[in-house]
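> The following block contains the structure, expressed as structure tokens.
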Amino acid sequence: MNFTINVWRQNGPKEKGGIATYKVSNISDDMSFLEMIDVLNEQLIIQDIDPVVFDHDCREGICGMCSMFINGEAHGPGRGVTTCQLHMREFKDGDTITIEPFRAKAFPVIKDLMVDRGSFDRIIQAGGYVSVNTSGNLPDANATPIEKQDADAAFDSATCIGCGACVATCKNASAMLFTSAKVSQLSLLPQGKIEASERVMNMVKQMDLEGFGNCTNTGACEVECPKGISIENIARMNREYLSASITSK
Amino acid sequence: MSKLNANIPEGSLAEKWTNHKSKIPLVSPANKRQIDVIVVGTGLAGSSAAASLAELGYNVKAFCFQDSPRRAHSIAAQGGINAAKNYQNDGDSTFRLFYDTIKGGDYRSREANVHRLAEVSASIIDQCVAQGVPFAREYGGLLDNRSFGGVQVSRTFYAKGQTGQQLLLGAYSALSRQVAKGRVELLSRHEMVELVVVDGKARGIIARNLVTGELERHSAHAVLLCTGGYGNVFYLSTNAMGSNVTAAWKAHRKGAYMANPCFTQIHPTCIPVSGDSQSKLTLMSESLRNDGRIWVPKKAEDALAIREGKLKPTDLSEENRDYYLERRYPAFGNLVPRDVASRAAKERCDAGYGVNKTGEAVYLDFSSAIERFGSEAAHVKGIKNPSEDQIKKLGERIVESKYGNLFQMYEKITAQNPYQTPMMIYPAVHYTMGGIWVDYNLMTTVPGLFALGEANFSDHGANRLGASALMQGLADGYFVAPYTVGTYLSQDITTGQISTESTEFDEAEATARNRMEGFLNSKGNTPVEAFHRDLGKIMWSQCGMARNEEGLKKAIADIRILRDKFYSDVKVLGKIGEMNPELDKAGRVADFLELGELMCMDALAREESCGGHFREEFQSKEGEAVRKDDEFAFVAAWEFAESDPGKSKLHKEELSFENVELNTRSYK
Chain A
0 MNFTINVWRQ
10 NGPKEKGGIA
20 TYKVSNISDD
30 MSFLEMIDVL
40 NEQLIIQDID
50 PVVFDHDCRE
60 GICGMCSMFI
70 NGEAHGPGRG
80 VTTCQLHMRE
90 FKDGDTITIE
100 PFRAKAFPVI
110 KDLMVDRGSF
120 DRIIQAGGYV
130 SVNTSGNLPD
140 ANATPIEKQD
150 ADAAFDSATC
160 IGCGACVATC
170 KNASAMLFTS
180 AKVSQLSLLP
190 QGKIEASERV
200 MNMVKQMDLE
210 GFGNCTNTGA
220 CEVECPKGIS
230 IENIARMNRE
240 YLSASITSK
Chain B
0 MSKLNANIPE
10 GSLAEKWTNH
20 KSKIPLVSPA
30 NKRQIDVIVV
40 GTGLAGSSAA
50 ASLAELGYNV
60 KAFCFQDSPR
70 RAHSIAAQGG
80 INAAKNYQND
90 GDSTFRLFYD
100 TIKGGDYRSR
110 EANVHRLAEV
120 SASIIDQCVA
130 QGVPFAREYG
140 GLLDNRSFGG
150 VQVSRTFYAK
160 GQTGQQLLLG
170 AYSALSRQVA
180 KGRVELLSRH
190 EMVELVVVDG
200 KARGIIARNL
210 VTGELERHSA
220 HAVLLCTGGY
230 GNVFYLSTNA
240 MGSNVTAAWK
250 AHRKGAYMAN
260 PCFTQIHPTC
270 IPVSGDSQSK
280 LTLMSESLRN
290 DGRIWVPKKA
300 EDALAIREGK
310 LKPTDLSEEN
320 RDYYLERRYP
330 AFGNLVPRDV
340 ASRAAKERCD
350 AGYGVNKTGE
360 AVYLDFSSAI
370 ERFGSEAAHV
380 KGIKNPSEDQ
390 IKKLGERIVE
400 SKYGNLFQMY
410 EKITAQNPYQ
420 TPMMIYPAVH
430 YTMGGIWVDY
440 NLMTTVPGLF
450 ALGEANFSDH
460 GANRLGASAL
470 MQGLADGYFV
480 APYTVGTYLS
490 QDITTGQIST
500 ESTEFDEAEA
510 TARNRMEGFL
520 NSKGNTPVEA
530 FHRDLGKIMW
540 SQCGMARNEE
550 GLKKAIADIR
560 ILRDKFYSDV
570 KVLGKIGEMN
580 PELDKAGRVA
590 DFLELGELMC
600 MDALAREESC
610 GGHFREEFQS
620 KEGEAVRKDD
630 EFAFVAAWEF
640 AESDPGKSKL
650 HKEELSFENV
660 ELNTRSYK
């Protein structure tokens, strides 16, 4: 297969970027999208052109590092996949493919397709944890039974990989799906309930400080989320937030 | 040899750790505030160690090359984590977990370390639950368990097929809490490129800021390497693209011995290689072997017809299929340990029975399971004389509930529906049991330098059991290092801050800079990736699932030629002082090119077959591994010498087994 690749090139956060166009050929349909970029990069190096910088690591859809906006969609066509799980058989021979970084004020471009998602780390640092020390001198793991339904729901929220597709997709560049997934996971479990009020207030505050927008219930985030995190989480977070703001001491 | 003292505490096996903990010197809270610790890597071992040491009061700097600590490759572990909780009342105990691990490792690990691992395993589960890790539960609200290969109890805790993710996010949350408190300084997108040794002690690192390209100096009273395994020396593996040996190798070059580097785990159930541009391999969890049956065609002509696309696997009748694991190992069948299952697949494919285009794949078939589950479900539902179609539908639903996410993952990668046609699988490099030599305190041969998790060699011997890697990473980080690193640091309470303005830091930085300039100035014609690919081919063919003297000698010669070619012909664009992923990659591949040689030397020196290390010269008539305990019951610890991996010196740590009897592993 042969493709024309339009890719965003930008040298640094403060520099002006633009689209560059390259051709790649002899791409097999079994290749993953990132393997196609590998081929492009080897080709560019031989031509003395700086290779395209992009984030990637596990290449099996779990680390959340890859982050490409392909033909106007976070992680490209297909549902429930990250960029690294996208295969070239999803495209037609001769297609022109446009690749941009995940764009948001709180995700500044570092170089080319690589963005800085440190804002996500700071939201977790604001309260995305249970305040227990790691001594191991804790109650037995089976001391507090947890209803299976709650444990399963907490797990579903906890499967967020922090890739930022929700932010890149949202017209408001909102991080509410990401933030609410962590708020939900911990507020559903007895271990997390104790600090639930403080947690939701602090995490939402940090989210706003970072410059993420607000949720207007469009639901695009849920559609593009590679892990199928539901917007029910946002509803739960709103509920937690409301109750925390009324009862906060 | 004199240096290799494992420092195992006195006393009976079960009392060693307790006694040791009660006698170690402590550091007062006021003094801890004056002591700095560097943790390199933020996987399970690194995140848990950084969080725990910060909680204790030390000043911690945590480094990772990814953009966030949450992305370390522990995140990709699927199956579960072992712990001797005995919640199932099926006869599990600390001793049994210890025994299974020693036996599974083919009697090449250290008794005292493994017993400690088993002792602290139960606390890990308590810790994780308290942190909000959503483990799978039963309807009664209690934790669920499942079984893994090589054991007869159900001691594996899990969170669907994403246990590693959930445990890492737990450790990451503990780490984030300390970052918020200002107790940990987080340096993401940083890679350790040199170790700094001052007066014989590890006192800091040189790290490259991967965004600005700057070489930074960081000093500390102790350095912890939690940098994972080196499976990417094979180019294709289940590791992440960035997983590398550089930090460990730099430490090795500065005096840390590498132990049993040839012990690598080849996982039997991975998605086969599809083409030349493939960048990584994807694991299909071991849990699939609970219900999937592995087979190849009985007749070579059928295999050929399948490879040529003239025959479909579903066309072959039962009598024309060879369920070779069930045939060779009737007692354990499809659930033999990983090393045994991998070798058996290779044997069939080498003999010409492989089933994909490349001839390197076998079938993992769920049709029997679908039929069995379907009939059961029909019975439960009271359906009399169910049709084949009904049975299939009911059975598929049950298989989906057990393995749905794995089936979906398989379909995404291969575009084949595993409910309709058997999966194709082949072994792939997955884990490295070898690693940096450490004593009982997890300290390397460089005082003040520690190695935790997959980066060290200590607990899994020659073969790791499923669901034990997560256990070891968290045990080392949460419950071992906080004690043993403290013991070492108790000597440092009056040292004061370590200056980065010293000749040792100058030299280390210059070494790192010169290396990088060397790559940039080589002005060759070949991109880094090509060398890595070639190295992988050498390693996989000569130092993979089966090894022999001739092949290993050839591999050593080939690697040396490839390494020379790399330095004269590598092409890296750009500069040091800027973001330059190709330059980072060149540094990693250069280290793999040295490690590969050492692995082959180690495999050559170990003239026996044990665990993942299979020397073709040492096998029984039936093709089973033959271990030689009289000569090789030792840890091979290699010292780097004369700037040349080929001149490495071998030191031996004799392994003494006082609590288990050395037996031949049999799964027949």
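Top line first, the protein sequences correspond to chains A and B. Sequential numbering of the first sequence, starting at 0, is according to numbering that gives the first Met the number 0. Sequential numbering of the second sequence, starting at 0, is according to numbering that gives the first Met the number 0. Here a beta-carbon is modelled for each residue, glycine too, at the ideal position from N, C-alpha and C. What you are looking at is a predicted structure, and each value in this text was computed from that prediction instead of being measured.
Give me whichever residues DSSP pairs with Asn455 of chain B in a beta bridge.
Looking up residue 455 of chain B in the second sequence gives position 456. For Asn455 of chain B, which the question treats as bridged, DSSP gives the partners B:Ile435.
> For Met113 of chain A versus Asp54 of chain A, is the C-beta distance shorter than 7 Å?
Taking the first residue of the first sequence as 1, we reach residue 113 of chain A at position 114. Taking the first residue of the first sequence as 1, we reach residue 54 of chain A at position 55. In contact: Met113 of chain A and Asp54 of chain A (Cβ atoms closer than 7 Å).
> Of all the beta strand (DSSP E) runs that stay within the bounds of the segment 0-32 of chain A, which reach a length of 3 or more residues?
Listed in chain order, the complete beta strand (DSSP E) runs (minimum 3 residues) inside the segment 0-32 of chain A are 2-8, 17-23.
> Counting only Cβ pairs nearer than 7 Å, list the residues of chain A close to Arg176 of chain B.
For the purposes of this step, residue 176 of chain B is taken as residue 177 along the second sequence, with counting starting at 1. Near Arg176 of chain B (Cβ distances below 7 Å), the residues of chain A are Tyr128, Ser130.
> What is the rounded straight-line gap between the Cα of Pro50 of chain A and the Cα of Ala103 of chain A?
Within the first sequence, residue 50 of chain A is the residue found at index 51, counting from 1. Within the first sequence, residue 103 of chain A is the residue found at index 104, counting from 1. Rounded to whole angstroms, Pro50 of chain A to Ala103 of chain A spans 24 Å at the Cα level.
> Under 7 Å, Cβ to Cβ, is there at least one residue of chain B near Glu146 of chain A?
Walking along the first sequence from the start, residue 146 of chain A turns up at place 147. Interface residue, yes.
> If you follow the beta strand (DSSP E) that Cys599 of chain B is in, where does it begin and where does it stop?
Taking the second sequence and counting its residues from 1, one reaches residue 599 of chain B at position 600. Not the beta strand (DSSP E): Cys599 of chain B falls in the alpha helix (DSSP H), residues 580-604.
> Cys162 of chain A to Cys83 of chain A, Cα distance in whole Å?
The residue labelled residue 162 of chain A in the question sits at position 163 within the first sequence. The residue labelled residue 83 of chain A in the question sits at position 84 within the first sequence. For Cys162 of chain A and Cys83 of chain A, the distance between alpha carbons rounds to 12 Å.
> Over the uninterrupted alpha helix (DSSP H) stretch that includes Met202 of chain A, give me the two end residues.
Against the first sequence, residue 202 of chain A aligns to sequence position 203. Met202 of chain A -> alpha helix (DSSP H) spans 195-208.
> DSSP state of Cys220 of chain A, grouped into three classes?
Indexing the first sequence from 1 puts residue 220 of chain A at position 221. Of the three classes helix, strand and coil, the one that applies to Cys220 of chain A here is helix, per DSSP.
> Mind pulling the beta strand (DSSP E) runs of 3 or more residues that sit fully within the segment 250-279 of chain B?
Taking only runs of at least 3 residues, the beta strand (DSSP E) segments lying wholly in the segment 250-279 of chain B are 263-269.
> Quick one: which chain B residues come within Cβ less than 7 Å of Gly191 of chain A?
For the purposes of this step, residue 191 of chain A is identified with residue 192 of the first sequence, where counting begins at 1. Those within 7 Å of Gly191 of chain A in chain B are Gly131.
> Going by Cα to Cα distance, which pick from A:Pro12, A:Thr217, A:Cys159, A:Leu185 is closest to Gly227 of chain A?
Within the first sequence, numbered from 1, the residue matching residue 227 of chain A stands at position 228. Comparing Cα-Cα distances from Gly227 of chain A to each of A:Pro12, A:Thr217, A:Cys159, A:Leu185, the minimum goes to A:Cys159.
> Glu318 of chain B bridges to which residues according to DSSP?
Looking up residue 318 of chain B in the second sequence gives position 319. Answer by DSSP bridge pairing: none, since Glu318 of chain B is not bridged.
> Starting from Ser27 of chain A, find everything on chain B with Cβ-Cβ shorter than 9 Å and list it in chain order.
The sequence position of residue 27 of chain A within the first sequence is 28, counting from 1. Here the neighbours are Ser273, Gly274, Asp275, Ser276.
> Alpha carbon to alpha carbon, how far is Asp125 of chain B from Pro644 of chain B? Give it in angstroms, no decimals.
Start at 1 with the first residue of the second sequence, and residue 644 of chain B comes out as number 645. Start at 1 with the first residue of the second sequence, and residue 125 of chain B comes out as number 126. Taking the straight line from one Cα to the other gives about 44 Å.
> Identify every residue that forms a DSSP beta bridge with Gln618 of chain B.
Residue 618 of chain B sits at position 619 when you count from the first residue of the second sequence. Answer is B:Ala624, bridged to Gln618 of chain B.
> Quick one: residues in its chain with C-beta nearer than 8 Å to the C-beta of Met0 of chain B, no 5 flanking neighbours on either side, listed in chain order?
The count along the second sequence starts at 1 and reaches residue 0 of chain B at position 1. At Met0 of chain B, the pLDDT of 43 sits below 50, so the modelled position is not reliable and the matter cannot be decided from this model.
> To the nearest angstrom, how far is the alpha carbon of Ser27 of chain A from that of His531 of chain B?
As a working mapping, residue 27 of chain A is identified with position 28 in the first sequence. As a working mapping, residue 531 of chain B is identified with position 532 in the second sequence. Cα to Cα, Ser27 of chain A sits roughly 21 Å from His531 of chain B.
> By the three-class DSSP mapping on this structure, what secondary structure does Cys609 of chain B have?
Taking the second sequence and counting its residues from 1, the one referred to as residue 609 of chain B is at position 610. DSSP places Cys609 of chain B in strand when its eight states are reduced to three.
> May I have the straight-line CA-CA distance separating Lys564 of chain B from Asn238 of chain B, to the nearest angstrom?
Translated into positions along the second sequence, residue 564 of chain B becomes position 565. Translated into positions along the second sequence, residue 238 of chain B becomes position 239. When rounded, the distance between both Cα atoms is 26 Å.
> At a Cβ threshold of 7 Å, is Thr499 of chain B touching chain A?
For this step, residue 499 of chain B is matched to residue 500 along the second sequence. False, the Cβ-Cβ gap to chain A never drops below 7 Å.
> Have a look at Asn81 of chain B and Ile98 of chain A and give me their C-alpha separation to the nearest angstrom.
Mapped onto the second sequence, residue 81 of chain B falls at position 82. Mapped onto the first sequence, residue 98 of chain A falls at position 99. Approximately 42 Å between the Cα atoms of the pair.
> If I measure Cβ to Cβ from Leu25 of chain B and keep anything under 8 Å in the same chain, skipping five residues before and after, which residues do I get?
Mapped onto the second sequence, residue 25 of chain B falls at position 26. So the list reads Gly485, Ser489, once near-sequence residues are dropped.
> Please name the residue, chosen from A:Met175, A:Ala142, A:Gly212, that lies closest to Tyr86 of chain B on a Cα-to-Cα basis.
Within the second sequence, the letter at position 87 stands for residue 86 of chain B. Minimum Cα distance to Tyr86 of chain B is reached at A:Ala142.
> Excluding sequence positions up to five away, which residues of its chain have a Cβ less than 8 Å from the Cβ of Pro225 of chain A?
Taking the first residue of the first sequence as 1, we reach residue 225 of chain A at position 226. The answer, listed in chain order, is Gly60, His74, Gly79, Val80, Thr81, Gln84, Ile160, Cys162, Ala164.
> Could you tell me the distance, in whole angstroms, from the CA atom of Lys553 of chain B to the CA atom of Glu615 of chain B?
Counted from its first residue, the second sequence places residue 553 of chain B at position 554. Counted from its first residue, the second sequence places residue 615 of chain B at position 616. Rounded to the nearest angstrom, the two C-alpha atoms are 15 Å apart.
> Mind checking Arg88 of chain A: buried by the 16 CB within 10 Å criterion, or exposed?
Against the first sequence, residue 88 of chain A aligns to sequence position 89. Exposed: under 16 other Cβ atoms inside 10 Å.
> Out of A:Ala172, A:Val199, A:Ala174, point me to the one whose CA is closest to Ser183 of chain A's CA.
Counted from its first residue, the first sequence places residue 183 of chain A at position 184. Cα-wise, what sits closest to Ser183 of chain A is A:Val199.
> For the candidate residues B:Ile558, B:Met544, B:Lys570, whose alpha-carbon lies nearest to that of Thr521 of chain B?
Residue 521 of chain B sits at position 522 when you count from the first residue of the second sequence. With the sequence shown as reference, residue 521 of chain B is identified as Ser, and Thr is not the correct amino acid for it. It is B:Lys570 whose Cα lies nearest to the Cα of Ser521 of chain B.
> With DSSP run on the structure shown, which of helix, strand or coil describes Ser179 of chain A?
Here the question's residue 179 of chain A lines up with position 180 in the first sequence. The answer is helix: DSSP assigns Ser179 of chain A an H, G or I state.
> Rounded to a whole number of angstroms, what is the C-alpha to C-alpha distance between Gln65 of chain B and Lys620 of chain B?
Within the second sequence, numbered from 1, the residue matching residue 65 of chain B stands at position 66. Within the second sequence, numbered from 1, the residue matching residue 620 of chain B stands at position 621. Computed Cα separation, rounded: 48 Å.
> Of all the options B:Ile555, B:Val128, B:Ala589, B:Asp290, which has the alpha carbon lying nearest to the alpha carbon of Trp539 of chain B?
Here the question's residue 539 of chain B lines up with position 540 in the second sequence. Selected option, being the one with the closest Cα: B:Ile555.
> Could you work out which residues of chain B lie near His55 of chain A, taking near to mean beta carbons separated by less than 7 Å?
For the purposes of this step, residue 55 of chain A is identified with residue 56 of the first sequence, where counting begins at 1. Going along chain B in sequence order, the residues near His55 of chain A (Cβ under 7 Å) are Met240.
> Compare the C-alpha of Ala173 of chain B against each of B:Val354, B:Arg69, B:Pro421, B:Phe656 and name the closest.
Within the second sequence, residue 173 of chain B is the residue found at index 174, counting from 1. The shortest Cα separation from Ala173 of chain B among B:Val354, B:Arg69, B:Pro421, B:Phe656 belongs to B:Arg69.
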